[in-house]
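First the structure, in the form of structure tokens, and then the observations on it.
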Ligand code: DP6
């Protein structure tokens with residue numbers, strides 16, 4: 004094989020990854036659990052070309068900015084190292100969701116790139132090996148290898164060999180939906196990587212965050228298995244607020260929310276008072292993801308669209324893991 008195309012979905016964490024025990028290897032301080040999001044996808048195309056002098060990295064056909072191109076190229080170096088090849092590659096990354104809307108794309112990008120680059124290099128890999136590889140590109144990418152509900156195991160080994168994702172339940176296990184309320188367009192001010200490093204080093208609440216994560220993981224894992232939305236939703240909301248408490252107490256503080264983010268949080272609470280089982284979670288940005296029963300998703304989406312400052316609502320739900328579309 005010399006070229007391949009792969010597709011991966013984004014994911015949203017219900018118990019967050021927020022802090023590392025090893026920055027070079029993206030080893031997390033705690034485990035995390037996410038749901039892979041149907042329809043929010045990234046396609047990666049990789050072709051190894053023997054005489055190419057350097058990697059050529061494009062985003063939807065346009066030359067990628069040097070910083071991002073370098074990070075993607077260093078990731079392809081890992082695959083070259085494992086496959087014992089020096090061939091440079093053309094790499095094209097395109098996402099079907101608005102990256103400029105500040106939705107995390109590194110998870111779907113590195114999951115798709117891991118799959119495409121290993122296939123293009125003719126490197127046979129198991130799903131676990133793929134998850135470990137994707138983790139090196141971006142921690143959350145290790146979870147997008149699998150579909151449905153996924154847990155990333157913290158692991159204890161210094162080389163990261165036991166820190167990878169495992170499926171908790173497949174996409175069709177549970178009839179839930181995720182509505183994404185977009186409250187701002189444009190890239191976020193402080194990305195997850197820098198944000199979690201600053202929070203881990205400088206928030207007085209960070210040790211408490213790390214200590215409380217195992218109980219949240221147990222509750223969410225069990226809640227997913229039992230299809231207990233109240234348990235999963237309540238725990239995910241608390242976990243999100245705890246992560247943001249750590250961010251807010253970093254030096255300087257990280258405040259990812261805008262006025263519409265807060266208005267959506269209040270709206271979700273009001274929906275619950277009206278008997279709708281909706282729960283929010285927020286990553287390192289101003290967008291709000293709302294978990295609800297699938298039959299209620301249109302009503303929830305309409306309620307979110309009516310909140311002042313919400314510019315768009317995307318509808319998703321549990322989706323499939325990474326897959327190879329073509330390899331030649
Ligand atoms: C808030 O996976 O983007 O979305 O490993 O440094 O690339 P790096 O970080 P990244 O962080 C994601 C953080 C989060 C929570 C989560 O997805 O668990």
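In our numbering, the protein residues as written are 4 to 331. Glycine included, C-beta positions come from ideal geometry on N, C-alpha and C. Only a predicted model underlies this, so the values are computations on that prediction, with no experimental measurement involved.
Could you tell me whether any non-hydrogen atom of the ligand DP6 is closer than 7 angstroms to the CB of residue 29? yes
For the putative contact between residue 136 and residue 122, defined by C-beta atoms under 8 angstroms, what is the C-beta separation to the nearest angstrom? Their Cβ separation, rounded to whole angstroms, is 12 angstroms, which puts residue 136 and residue 122 out of contact at 8 angstroms.
Report the CB separation of residue 24 from residue 32 in whole angstroms; it is logged as a contact under 8 angstroms. That belief holds up - the Cβ atoms of residue 24 and residue 32 are roughly 5 angstroms apart, short of 8 angstroms.
What would DSSP say about residue 69, mapped onto helix, strand or coil? helix
Entirely within the region 167-230 and at least 4 residues each: give me those alpha helix (DSSP H) ranges in chain order. 195-205 and 209-229
Please go through the same chain and pick out, in chain order, the residues whose beta-carbon is closer than 8 angstroms to the beta-carbon of residue 241, but skip the five residues on each side of it. 219
With a threshold of 7 angstroms (Cβ to nearest heavy atom), would residue 162 be considered close to the ligand DP6? no
Does the separation of the CB atoms of residue 373 and residue 47 fall below 8 angstroms? With the chain covering only 4 through 331, there is no way to say anything about residue 373.
Buried or exposed: where does residue 216 fall if 16 or more other Cβ atoms within 10 Å of its Cβ makes it buried? Answer is buried; the Cβ neighbour count reaches 16.
Take residue 138 and list the residues in its own chain whose beta-carbon comes closer than 6 angstroms to its own, dropping the five residues that flank it on each side. 29 and 145
For a test of your reading of the model: does the CB of residue 260 fall under 7 angstroms from any non-hydrogen atom of the ligand DP6? Yes or no. no
Using only CA atoms, which one of 199, 238 and 214 lies nearest to residue 26? 199
Short of 6 angstroms in beta carbon distance, which residues of its chain neighbour residue 201, apart from the five on each side in sequence? Order them along the chain. For residue 201, where only same-chain residues beyond five positions count, the Cβ hits under 6 angstroms are 253.
Are the beta-carbon atoms of residue 129 and residue 11 separated by less than 8 angstroms? Result no, Cβ atoms of residue 129 and residue 11 do not sit closer than 8 angstroms.
Within the continuous alpha helix (DSSP H) that includes residue 44, where are the two ends? No alpha helix (DSSP H) holds residue 44; the beta strand (DSSP E) holding it covers 35-52.
Where does residue 326 land, buried or exposed, given buried means 16+ other C-beta within 10 angstroms? Residue 326 is exposed by the Cβ-count criterion.
Following a CB-centred definition, is residue 196 positioned closer than 7 angstroms to any heavy atom of the ligand DP6? At least one heavy atom of the ligand DP6 is nearer than 7 angstroms to the Cβ of residue 196, so yes.
Measuring only from the beta carbon, is residue 19 closer than 7 angstroms to any heavy atom that is part of the ligand DP6? Answer for residue 19: yes, Cβ within range of the ligand DP6.
To the nearest angstrom, report how far apart residue 80 and residue 272 are at their CA atoms. 47 angstroms
Select from 159, 163, 152 and 106 the residue whose C-alpha is nearest the C-alpha of residue 133. Just measuring C-alpha positions, the residue of 159, 163, 152 and 106 sitting nearest residue 133 is 163.
Looking at residue 141 and the ligand DP6, is the gap between the Cβ and the nearest heavy atom below 7 angstroms? Yes; taking the cut-off as 7 angstroms, the Cβ of residue 141 has a heavy atom of the ligand DP6 nearer than that.
Is residue 286 near the ligand DP6, judged by its Cβ being under 7 angstroms from some heavy atom? yes
Taking the beta strand (DSSP E) that residue 97 belongs to, which residues open and close that run? 91-98
Looking at the ligand DP6, does it come within less than 7 angstroms of residue 110, judged from the CB to the closest heavy atom? yes
Compute the minimum distance between the beta carbon of residue 16 and the heavy atoms of the ligand DP6, and state whether it is under 7 angstroms. yes
Just to confirm the assignment, what range does the alpha helix (DSSP H) spanning residue 243 have? 232-251
Under 8 angstroms between C-beta atoms of residue 314 and residue 307: no
Between residue 149 and the rest of its own chain, which residues show a CB-CB distance below 6 angstroms, the 5 nearest in sequence each way excluded? Excluding the 5 residues flanking it on each side, residue 149 has same chain C-beta neighbours closer than 6 angstroms at 168, 170 and 324, in chain order.
Comparing the CB of residue 35 with every heavy atom of the ligand DP6, is any distance shorter than 7 angstroms? yes
Can the beta-carbon of residue 223 be found less than 8 angstroms from the beta-carbon of residue 177? no
Between which two residues does the beta strand (DSSP E) carrying residue 315 extend? 315-319
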